[in-house]
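K.L.:
First residue of the sequence shown: 26, per my numbering; consecutive thereafter.
Glycine is no exception: its CB is placed at the ideal position from the N, C-alpha and C atoms.
It should be emphasised that the depicted structure is a prediction, and the values quoted were computed from it without experimental measurement.
Just dropping this structure here.
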Amino acid sequence: MFKALILNQQDKNTTAEIQQINESQLPENEVLIDVDYSSLNYKDGLAITGKGRIVREFPMVPGIDLAGRVIESKDARYQAGDNVVLTGWGVGESHWGGMAEKASLKADWLVPQPAGMSSKQAMMIGTAGLTAMLCVQALVDAGVTPESGEILVTGASGGVGSTAVTLLAQLGYQVVAVTGRVDQNSELLTQLGASRIIAREELQEPARALEKQLWAGAIDTVGSKILAKVLAQMDYNGAVAACGLAGGFDLPTTVMPFILRGVKLLGIDSVSCAYDKRVQAWNRLVEILPVSFYDQACREITLEQTPEYADAITNGQVTGRIVIKL
Ligand SMILES: NC(=O)c1ccc[n+]([C@@H]2O[C@H](COP(=O)([O-])OP(=O)(O)OC[C@H]3O[C@@H](n4cnc5c(N)ncnc54)[C@H](OP(=O)(O)O)[C@@H]3O)[C@@H](O)[C@H]2O)c1
Numbered sequence: 026m027f028k029a030l031i032l033n034q035q036d037k038n039t040t041a042e043i044q045q046i047n048e049s050q051l052p053e054n055e056v057l058i059d060v061d062y063s064s065l066n067y068k069d070g071l072a073i074t075g076k077g078r079i080v081r082e083f084p085m086v087p088g089i090d091l092a093g094r095v096i097e098s099k100d101a102r103y104q105a106g107d108n109v110v111l112t113g114w115g116v117g118e119s120h121w122g123g124m125a126e127k128a129s130l131k132a133d134w135l136v137p138q139p140a141g142m143s144s145k146q147a148m149m150i151g152t153a154g155l156t157a158m159l160c161v162q163a164l165v166d167a168g169v170t171p172e173s174g175e176i177l178v179t180g181a182s183g184g185v186g187s188t189a190v191t192l193l194a195q196l197g198y199q200v201v202a203v204t205g206r207v208d209q210n211s212e213l214l215t216q217l218g219a220s221r222i223i224a225r226e227e228l229q230e231p232a233r234a235l236e237k238q239l240w241a242g243a244i245d246t247v248g249s250k251i252l253a254k255v256l257a258q259m260d261y262n263g264a265v266a267a268c269g270l271a272g273g274f275d276l277p278t279t280v281m282p283f284i285l286r287g288v289k290l291l292g293i294d295s296v297s298c299a300y301d302k303r304v305q306a307w308n309r310l311v312e313i314l315p316v317s318f319y320d321q322a323c324r325e326i327t328l329e330q331t332p333e334y335a336d337a338i339t340n341g342q343v344t345g346r347i348v349i350k351l
C-alpha cells in the first residue's frame, strides 16, 4: 500500500483526501515510478480546489510534475533505477499524476533527470521552471540580447516569474520585476537578480493603443489587461513571451503594437513541448540556475499540507516554488 492524494467530486464540489492505495489501482502504463517529489503549480491549485475545470474524470491523482526512480519498465528506453522527470502531457489532469508515492506513466512522457540534478531540485524547477526557460529561449531566438534594453517579467514572485527573473539575470539581462506584493517580495526579487521592481497597479490602468516604449522584451505570466499594457509599451521590434493567465484569459489589445512597431507576441506551451526541446531546456536550466536559487526561491511541504497550499496558490499568496515530498 502507498499514499496518494485523491480528488473526487461530490455535488459539483471537488474533494481532496489522502488515501492508501495499491499498485493494482494505478492505470496500466509502460513505466512504474517510485516518486520522490512532486511540485505545486498554479494549475495544480486550480485542480485540487476545483476552482478551474482542470480535471474532467474522477477519481484523479493530481500533480502535473514528478521526479523519481524507475521501479520497472516495459520500454527499452528506461531501466529500473533510472532517475526520471515528468512534466505536462495532461498528467495530473486526464492521467493520474505526481501526488502519490508511486506513478505509472507512458515512456514518451518522461525525460531522463539531467546529470548533476537531484529529484528535489528537478521539482524546484518543475513545469514552472521549464516554462520560464522556454520563455527565455523564445526571447533569445527572437533576437533580444542583454544589450537590447530592459526585460519586464510579470507575476514575478510566482513560480514561473521568479525562475524567469533568475534565468534572465544570470544571462546578463537587466530585469524589471512586476509584482502585486512589493513590500513582501522586493528583497527576494532583488536577490534573484531584478534590477528594479514595479508595483502591479502601475500596469493595471487600461492601455492606450501605443504608449511610451519601455521594454526590449517581456515574459508575461498574467495575461488580460496587464499583457495588453505590456504590448503597448514594447520597444520597436520588441518581443513578448506569453505563457500565463493568472490575471485572466482575455486580452483587451489592438493590432497597433504589431503593425506599427513590429512587436512579436510569442506563445509558450510547456505541456506538449517536443522531447528534444524539453531535454535541451532541462540541460540549460542545470547550466544557468545558481545553487542559491534553490535555497532562496523554494519551500518543501508534505502531501498532507498540499490542499492548504493549493488554496493559497490560487489566491496569489504563494511566493516562489513549492515542492512536495512523497
Ligand atoms: N503555458 C504553459 O505551459 C504554462 C506553464 C506553467 C504555468 N503557466 C501559467 O503561468 C501562470 C503562472 O504560473 P505559476 O505556476 O508561476 O503560478 P504562481 O506561482 O501562482 O504565480 C502567479 C503569479 O502571478 C501574480 N498574480 C496572481 N494573481 C494575479 C492577478 N489577479 N493579477 C495579476 N497578477 C497576479 C502573482 O505574482 P505577484 O504577487 O508577484 O504579482 C503570482 O505569484 C499561470 O497562469 C499558469 O497557468 C503556463
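#1: Rounded to whole angstroms, what's the CA-CA distance from Ser64 to Ala232? Just pull it up for me.
#2: Going by other Cβ atoms of all chains shown within 10 Å of its Cβ, with 16 needed for buried, is Gly292 buried or exposed?
#3: Is Cys298 helix, strand or coil by DSSP?
#4: Within 8 Å, do at least three Cβ pairs link the region 198-209 to the region 136-144?
#5: When DSSP builds the beta bridges, which residues end up paired with Tyr62?
#6: Spell out the partners DSSP gives Arg221 in its beta bridges.
#7: Per DSSP, what kind of secondary structure is Lys250 in: helix, strand or coil?
#8: For the alpha helix (DSSP H) that Tyr319 lies in, which residues bound it at each end?
#9: In the structure shown, what three-state DSSP assignment does Ile293 receive?
#10: Quick one: complete beta strand (DSSP E) runs, 3+ long, within the region 226-285?
#11: Using a Cβ-Cβ cutoff of less than 7 Å, which residues in the same chain neighbour Ile338 once the five nearest sequence positions on both sides are dropped?
#12: Compare the Cα-Cα distances from Leu270 to each of Leu290, Phe83, Trp114 and Gly248 and report the closest residue.
#13: Suppose the cutoff is 7 Å on Cβ atoms and the five residues either side in sequence are ignored; what does the same chain contact list for Ala41 look like?
#14: Can you give me the Cβ contacts of Asp61 inside the same chain, cut-off strictly under 6 Å, excluding the 5 residues immediately before and after it?
#15: How long is the line joining the alpha carbons of Val348 and Ile313, rounded to whole angstroms?
#16: Let me check you understand the geometry: is the CB of Ala266 closer than 6 Å to at least one non-hydrogen atom of ligand 1?
#17: Kindly indicate the opening and closing residues of the alpha helix (DSSP H) around Leu192.
#18: With a threshold of 6 Å, establish whether the CB of Asn66 neighbours any heavy atom of ligand 1.
#19: Can you list, in chain order, the residues of its chain with a C-beta nearer than 7 Å to that of Tyr261? Leave out the 5 residues immediately preceding and following it.
#20: Taking the Cβ atom as the reference point for each residue, do Val201 and Val190 lie within a distance shorter than 7 Å?
#21: Grab the span of the beta strand (DSSP E) containing Ile31 for me, first residue to last.
#22: Taking the straight line between their C-alpha atoms, what separation do you get for Gly117 and Cys160?
#23: Give, in chain order, every unbroken run of the beta strand (DSSP E) that is at least 3 residues long and sits entirely within the region 68-144.
#24: According to the Cβ coordinates, are Leu351 and Glu172 closer than 7 Å?
#25: For Ser211, which residues from the same chain have a beta carbon less than 7 Å from its beta carbon, with the 5 sequence-adjacent residues on both sides left out?
P.N.:
Based on what the coordinates show:
#1: 35 Å
#2: exposed
#3: coil
#4: no
#5: Ala92 and Lys350
#6: Val201
#7: helix
#8: Val316 to Gln321
#9: coil
#10: 240-245 and 259-267
#11: Leu65, Tyr67 and Gly70
#12: Gly248
#13: Leu30, Leu32, Ile73 and Pro332
#14: Ala92, Gly93 and Ser144
#15: 20 Å
#16: no
#17: Gly184 to Gln195
#18: yes
#19: Gln238, Arg286 and Gly287
#20: no
#21: Phe27 to Gln35
#22: 23 Å
#23: 90-98, 108-112, 127-130 and 135-137
#24: no
#25: Ile222
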